[in-house]
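Since the structure comes first, as structure tokens, the remarks are kept for the end.
Protein chains in written order, with the working numbering: chain F, 70 to 566; chain U, 8 to 137.
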């Protein structure tokens, strides 16, 4: 059974639950786990276990940390920590997602558990005892447990608002199509993204994107969840540029989705030694600024510079009106915003920050731009999010700045949004594409290729309420070098470096 | 009409874009006991990040152990360590109250750490650029 080309089984990011319910079949005169093609007998008598064997199995199970829920002539229902199952079978418990028909006619991925190992049966959820002296015929794990309340479609919904879709529209708008057709797709380039978390939305599975199991930074948080939806949605921008890149998500949010572990997330990202770290967040300082950057920010700036010195390209979003220290740090690729309308005309996004740093060598923020919507809410890119997440709900309702909505339900797993949060992963994906073609490029060379070939944007202003810098011919304080042209940047990198 | 979403880290910050209530700068990091202003309430289990800057030329194993024993997640940085800990852990370890705290703030260095630690700072929180 497949739907929309989705695989029947896929990897799961869900952790093994603390307690696992299972069934232990005790050996009878025949095994209930018949050979291939062999059906169960009409009468169950052949499978009945001797009382002495049941007693023996019960003692063995209890000694290994199992609790017996109920017992019959054939076996017993048990509960135990995952480790107890591993001890008694010599295998390993593993979670997988399997596509199933569920309630209300929905098809959705449902988490199953399996016992895997050299001497374990291949049937899903079935395990064998490691020792033949145990009178255990076999072990069957509870199935299935439904984690995902709603199956989100891998296909984005329609919305009456003008918007762009990932990956296709973004790929076209940033001129990545030809590079992809030539086989330049960022193959194997590792991109780390500390953000709100990451949810294995079927959009990513259907496209066959390569995403590692997320790493949870804040103690006690679930690595498979993204209560905000920000990290999940914005990460789709990476694959629009580099469909064969490898994403390592890092969840730096608490259970409310607040970004409480951002710096720790960045440091952990450095640890795994990716080629690129992309960050769609930052702080906010007084503007116009005081003469020096705040002392409290300097340790983090030093860490950013250290990452760049190690050869990691660091991308930070310029901000949506914020004046943050991160995109100003020397060597950072600061991602700003340009809006492309339905005719393909370009203008500086009035939602995006654009200014000259007085703290670090007159560094201009942004360095170069990606695609970002306009005020009031920048509802511009249709992005996959966890169903019912904060973003899914918020964008589906009017707010104090905007009486309209994104035109999608608040629980469908899709939402219309952007911000320079979208531009950063677009630039990171473009960089992954360049690094896939030329793996030895330095961060400075990647930035040079992007800025030297960017499309100049001459209309519009950066966030008028605070910066109000105009776009104009040549580099400017609203858009930096302009909007990236992936095909041209690739050609530049191939020819020049 | 600020398009950015207000972010509340530890429910204690008001650093929405355009908010210019914070006079930042090297001399403007809030000090405990210096009459800092009050903004919001952090819950006991809210997490914060803290920069701990080492003093020069010290072996820091003892200090690191002291911090880990108090429940902090400790990550090495270029000039010290980054701590990730709850309000409860911070209040207990550094004998301060974080109720209604304004960030960034320097915390007092406990006597046990004075040989190793130059400063302990909770920086301003980060917000999504959505």
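A virtual CB, placed ideally from N, CA and C, is assigned to each residue, including glycine.
Round the Cβ separation of residue i and residue j to the nearest angstrom and send it over; I've been treating them as touching at under 8 Å.
| i | j | result |
| --- | --- | --- |
| residue 547/F | residue 530/F | 6 Å |
| residue 309/F | residue 240/F | 5 Å |
| residue 457/F | residue 479/F | 7 Å |
| residue 317/F | residue 345/F | No, residue 317/F and residue 345/F are not in contact; Cβ-Cβ is about 10 Å, not under 8 Å. |
| residue 265/F | residue 494/F | 13 Å between Cβ atoms; not a contact. |
| residue 82/F | residue 269/F | 6 Å |
| residue 392/F | residue 429/F | Between residue 429/F and residue 392/F the Cβ distance is about 13 Å, and since that is not below 8 Å, they are no contact. |
| residue 383/F | residue 367/F | Not a contact, Cβ separation roughly 16 Å. |
| residue 248/F | residue 502/F | 6 Å |
| residue 162/F | residue 154/F | 6 Å |
| residue 440/F | residue 242/F | 6 Å |
| residue 77/U | residue 50/U | The pair is not a contact, with the Cβ atoms about 19 Å apart (cut-off 8 Å). |
| residue 147/F | residue 207/F | About 13 Å; that fails the 8 Å criterion. |
7 Å is my cut-off, CB to CB: does residue i come that close to chain F?
| i | result |
| --- | --- |
| residue 109/U | no |
| residue 57/U | no |
| residue 54/U | yes |
| residue 133/U | yes |
| residue 32/U | In this predicted model, residue 32/U has a pLDDT of only 34, less than 50, meaning its place in the structure is not dependable enough to derive any value. |
| residue 65/U | no |
| residue 62/U | no |
| residue 50/U | no |
| residue 130/U | yes |
| residue 120/U | no |
| residue 117/U | no |
Thinking just about the alpha-carbon of each residue, which of the options is nearest to the one in residue i?
| i | options | result |
| --- | --- | --- |
| residue 407/F | 468/F, 184/F, 551/F, 485/F | 551/F |
| residue 540/F | 447/F, 435/F, 506/F, 455/F | 435/F |
| residue 287/F | 324/F, 397/F, 279/F, 281/F | 324/F |
| residue 119/F | 163/F, 447/F, 96/F | 96/F |
| residue 222/F | 108/F, 235/F, 451/F, 271/F | 271/F |
| residue 99/F | 76/F, 196/F, 205/F, 153/F | 205/F |
| residue 459/F | 329/F, 294/F, 396/F | 294/F |
| residue 88/F | 422/F, 538/F, 149/F | 149/F |
| residue 37/U | 121/U, 135/U, 113/U | 113/U |
| residue 89/U | 96/U, 81/U, 110/U | 81/U |
| residue 562/F | 190/F, 192/F, 543/F, 517/F | 517/F |
| residue 455/F | 337/F, 220/F, 350/F, 522/F | 220/F |
| residue 199/F | 381/F, 187/F, 192/F, 191/F | 187/F |
| residue 505/F | 94/F, 432/F, 257/F | 257/F |
| residue 542/F | 132/F, 470/F, 276/F, 416/F | 416/F |
| residue 245/F | 556/F, 414/F, 564/F | 556/F |
| residue 210/F | 289/F, 86/F, 522/F, 376/F | 86/F |
| residue 347/F | 307/F, 372/F, 363/F | 307/F |
| residue 98/U | 86/U, 87/U, 83/U, 74/U | 74/U |
| residue 575/F | 377/F, 398/F, 115/F, 261/F | As displayed, chain F neither begins before 70 nor continues past 566, which places residue 575/F out of reach and without an answer. |
Which bits of chain U does residue i rub up against, with CB to CB less than 7 Å?
| i | result |
| --- | --- |
| residue 488/F | 136, 137 |
| residue 498/F | Within 7 Å Cβ-Cβ: nothing; residue 498/F doesn't reach chain U, min ~17 Å. |
| residue 146/F | Near residue 146/F there are no residues of chain U at all, since even the closest Cβ is about 36 Å away, more than 7 Å. |
Under 9 Å Cβ-Cβ, which residues of chain U neighbour residue i?
| i | result |
| --- | --- |
| residue 495/F | Here the premise fails: no neighbours, minimum Cβ distance about 13 Å. |
| residue 483/F | Those within 9 Å of residue 483/F in chain U number zero; the least Cβ separation is about 15 Å. |
| residue 405/F | The premise fails here: residue 405/F is roughly 11 Å from chain U at the closest Cβ pair, so nothing lies under 9 Å. |
I'd like to know if residue i contacts chain U, where contact means its C-beta is closer than 7 Å to some C-beta of that chain.
| i | result |
| --- | --- |
| residue 287/F | yes |
| residue 299/F | yes |
| residue 255/F | no |
| residue 479/F | no |
| residue 352/F | yes |
| residue 97/F | no |
| residue 442/F | no |
| residue 304/F | no |
Cβ closer than 8 Å: which chain F residues qualify as neighbours of residue i?
| i | result |
| --- | --- |
| residue 74/U | Near residue 74/U there are no residues of chain F at all, since even the closest Cβ is about 14 Å away, more than 8 Å. |
| residue 114/U | Those do not exist, as residue 114/U stays about 12 Å from chain F at its closest Cβ, beyond 8 Å. |
Quick one: which chain F residues come within Cβ less than 9 Å of residue i?
| i | result |
| --- | --- |
| residue 82/U | 332, 333, 336, 337, 340 |
| residue 104/U | Near residue 104/U there are no residues of chain F at all, since even the closest Cβ is about 19 Å away, more than 9 Å. |
List the residues of chain U whose Cβ lies closer than 8 Å to the Cβ of residue i, in chain order.
| i | result |
| --- | --- |
| residue 100/F | Residues of chain U passing the Cβ test: none, with the nearest at roughly 48 Å. |
Within 7 Å of any Cβ in chain A, is that where the Cβ of residue i sits?
| i | result |
| --- | --- |
| residue 349/F | The displayed structure is made up of protein chains F and U, and chain A is not among them. |
Does at least one heavy atom of the ligand FMN sit under 6 Å from the Cβ of residue i?
| i | result |
| --- | --- |
| residue 289/F | As far as ligands go, the structure on display features none, and thus does not contain the ligand FMN. |
Inset, instruction - Report the residues of the segment 364-384 of chain F with a CB closer than 8 Å to any CB of chain U, ordered along the chain. - result: 364, 365, 366, 368, 369, 371, 372, 375
Inset, instruction - Please name the residues in the segment 316-345 of chain F whose beta-carbon is closer than 7 Å to at least one beta-carbon of chain U, in chain order. - result: 323, 327, 328, 329, 330, 331, 332, 333, 336
Inset, instruction - Pull out every residue of the segment 247-281 of chain F whose Cβ sits closer than 9 Å to any Cβ of chain U, in chain order. - result: 264, 265
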